[in-house]
Amino acid sequence: MGTAASTNADTSSHGSEDHAGGQLYVSLKMENYKLKGELVPHVYGSAPLVGSWDSSKALSMERESTFMWELSFVVPPNHETLDFKFLLKPKHGNVPCIVEEGPNRQLIGGTLQGDQDSAMFKLSGDEILEYKVFIKAHRVSPFDLAASWRAYQENFQRSTVRGIPDVSIASDTEAANEIGSQASLELDIEHYVVPAPSSANSGPVYAANMTETPRSLARTGVFSRNDSSLGSSHSQKDLGASVDRPGGMEVIVPETAKLSLGSGLVESKSVGTFSNMQKQEGHRGLFVDRGVGSPRLMKSSSSSAFAVDVKLGSESKNSMPAAAGAVAAGAVADQMLGPKEDRHLAIVLVGLPARGKTFTAAKLTRYLRWLGHDTKHFNVGKYRRLKHGVNKTADFFSGDNQEGIEARNEVAALAMEDMISWMQEGGQVGIFDATNSTRKRRNMLMKMAEGECKIIFLETLCNDRNIIERNIRLKVQQSADYAEEPDFEAGYQDFKVRLENYEKVYEPVEEGSYIKMIDMVSGNGGQIQVNNISGYLPGRIVFFLVNTHLTPRPILLTRHGESRFNVRGRIGGDSAISDSGELYAKKLANFVERRLKNEKAASIWTSTLQRTILTAGPIGGFPKIQWRALDEINSGVCDGMTYEEIKKNMPEEYESRKKDKLRYRYPRGESYLDVIQRLEPVIIELERQRAPVVVISHQAVLRALYAYFADRPLKEIPHIEMPLHTIIEIQMGVTGVQEKRYKLM
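Residue numbers (this note's numbering): 300 to 1044.
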């Protein structure tokens, strides 16, 4: 607002109830496009501004933008008549002062007297400097005033609470800034805790309870093969690309005779040895969709049987993975080039109880989902509890209890049938979680899987008695098997007997394709043995398992401090951080040094963009590592634009992004799927780390990283809230993944 008339209209719009008990809020602004040297606009006048018209105590106006200066304050109820003027003072020192020409300005009860929308200053040599003046006054309720003042006190930066800007009366902000970041964290760090999203795990969660809900068993536990109403909340069928969507890429199947076979490796039957790949008949090429839209299949004249064999129509709703690039290409190769059963993969867990099978399965499920592979975790124990109840004693698991053996084999078969049915509907990777401790059980599963899916056994072996003891206690505390047992010691002894029963009949895996994890859960070495493992996806699984462990440690995720582009609503770029961002950097350094004061091996990871490097700058005592993979999503030709500018100048791009933010790729830039692909090495390294890591990155990147730890569906990633000046602490350990949030500003 620029005139006194508009000021009057603004104040008169507030009803009489605002005048009762409210205080007068005043905002003064001065604008000039021809700034003169080091002169800074000030305000001085009668009480309560500065008192006695003392120019040495005049209030300095703050620079709001390059050409705009601003000062706001609240007038006490007993001083609603203000008499003031503007003056110019040197940036350093108090003289000489140049007072604006003309009579004093008067503000009575929120109404400006007269009509003065500019301020004239007479400089030396009769030079006139003119500023445009904007004066705004309105009533503030005590409640809004208190909230705004509290925000100012906590942040020592300008912000807005309920539409009311921060206010102060001659407060010493410089002194406050000097002590603010330190004093504010003298209190317990827990003072800054804020609630995490409702979908996040707020406490220890038993991983088996998060697995696929049995479809073959009704809620009452009665067997019903036709009951498929119980699905999983983690279904991601909508993430698969539908081949009949327009606007995709052409996929050409080349002539077999013209296909040049490259060199490759395929594992032999012996452990860890390799032989040259033999020529395969019927090779088929496939281009992978990497942006908005989905592939269209086109077959050559010599591949007439291809479309029928691959079944990419309505029979397989999720035939194409949601991931991009190499991840999708590898998955397509696995699905299309091998035998029919290779298009679906079953990871069958093997191992004694309390060896970390379920937690390993949960981590692997989360990883594969995040890469875009439709994956589900089937826990046989969950089936058993639904069908036979939770009050089974150790005798039920004895190798001499034929009735118990038959009951356990029955629920294992039900779970396997459910998994195969799910794969036939479009699922790709099933994690089959049970002890599967005898060859007879494993042979039963392999026979059921013939012609349907490829089985890889994943055996977990642990010889560390301390880890086994810890896992036993966690099992008794968290498993639904002991939920109705009030006596912990009784449950503990029962589980020990159950474990002994399994040990008597246990037969290590020596058949088929398998991965053996030997003493890997501790994170102190161990080894992995592989046999007859081939294909892109099995190879990725082995690589992930080599780098994973269950050592508890926190991972702190945070965005950089507010950047200058954030202030202006612009995307991308490589701008520096704002004054508010600099304050956050100091608060973050103080937080990290207190939170990780006993963690000598912790490290700080940033992107290569200066806003993250500047945010990490004040943090001392820890090594800092820059990752190009942590750079913000590449916005291509839209870099540096606001969303309003994109909407106005590139409406088609704006609408495409609005329709599918996950797959949308900025022209000459990236999509969220591209970001996920380049973040895979970061995830692997985070899993491998045994000490805390602080990741300072950007909104899109942190959305993708957070989705991995929180096991959020891919389609939700572009919409995950990732607020500025907030730390998300991910606690990784044997009880799964937990999160806590700290809002420092």
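Beta carbons are placed, not taken as given, at the ideal position from N, Cα and C, and that holds for glycine.
Between the segment 841-851 and the segment 895-910, the count of C-beta pairs closer than 8 Å stays below three; the two stretches do not touch.
The Cβ atoms of Ile903 and Ala915 sit closer than 8 Å to each other. Residue state for Arg962 is assigned as coil, using DSSP reduced to three classes.
Residue environment: His1018 is assigned as exposed (fewer than 16 neighbouring CB atoms within 10 Å of its CB, all protein chains considered). Counting along the chain, Asp382 sits inside no alpha helix (DSSP H); it lies in the beta strand (DSSP E) bounded by residues 380-389.
In this structure Ile427 is exposed. Its beta-carbon is surrounded by fewer than 16 other beta-carbon atoms within 10 angstroms.
Taking C-alpha positions only, Ser355 is separated from Leu387 by approximately 11 Å.
Excluding its 5 nearest sequence neighbours in each direction, Tyr813 has C-beta neighbours in its own chain below 7 Å: Ile755, Phe756, Glu758, Asn830, listed in chain order. One alpha carbon belongs to Val325, the other to Glu363, and they sit about 16 Å apart.
The DSSP-derived three-state label of Ile982 is helix.
Going by C-alpha positions, Lys795 is about 19 Å away from Arg684.
Annotated three-state conformation of Gln777 is helix, per DSSP. Proximity to Val373 across Arg910, Gly650, Ala714, Leu406 peaks at Leu406, based on C-alpha coordinates. Taking one beta carbon from each stretch, the segment 830-842 and the segment 855-865 have fewer than 3 pairs nearer than 8 Å; the two do not touch.
Taking all protein chains in view, the Cβ of Val936 is surrounded by fewer than 16 other Cβ atoms within 10 Å, so the residue is classified as exposed. Fewer than three Cβ pairs drawn from the segment 663-672 and the segment 774-784 lie within less than 8 Å of each other, which leaves the two stretches out of contact. Cα atoms of Ile876 and Pro980: separation of roughly 28 Å, rounded to the nearest angstrom. Residue state for Pro402 is assigned as coil, using DSSP reduced to three classes.
Per DSSP, Ser720 is one residue of the alpha helix (DSSP H) stretching across 701-723.
The Cβ atoms of Glu429 and Pro389 lie no closer than 8 Å to each other. In this structure, Arg1040 and Val493 form a Cβ contact; the two beta carbons are roughly 5 Å apart against a cut-off of 8 Å. By the neighbour-count criterion, in which 16 or more other beta carbons inside 10 Å mark a residue as buried, Gly392 falls on the exposed side. Excluding residues up to 5 positions away in sequence, Arg683 lie with their Cβ nearer than 7 Å to the Cβ of Arg707 in the same chain. DSSP links Glu783 through a beta bridge to no other residue.
Beta-bridge annotation (DSSP): Arg839 is not paired with any residue.
Between the C-alpha atoms of Gly860 and Asp878 there is a straight-line separation of about 9 Å.
As computed with DSSP, Leu323 is found in a beta bridge with Val374, Arg438. Counting the other CB atoms within 10 Å of its CB gives Tyr332 a total below 16, which places it among the exposed residues. Residue state for Ala901 is assigned as coil, using DSSP reduced to three classes. For Met329, DSSP records a beta bridge to Trp368, Val432. Leaving aside the five residues that flank Met367 on each side, the residues in its chain whose CB is nearer than 7 Å to its CB run, in chain order, Lys328, Glu330. Asp694 carries a helical assignment under DSSP once its states are collapsed to helix, strand and coil. DSSP, reduced to helix, strand and coil, places Met360 outside both helices and strands of the structure shown, so it counts as coil. For the pair Asn800 and Gly698, the CB atoms are nearer than the 8 Å cut-off. Looking at the DSSP output, Tyr682 sits in no beta bridge, so it has no partner there.
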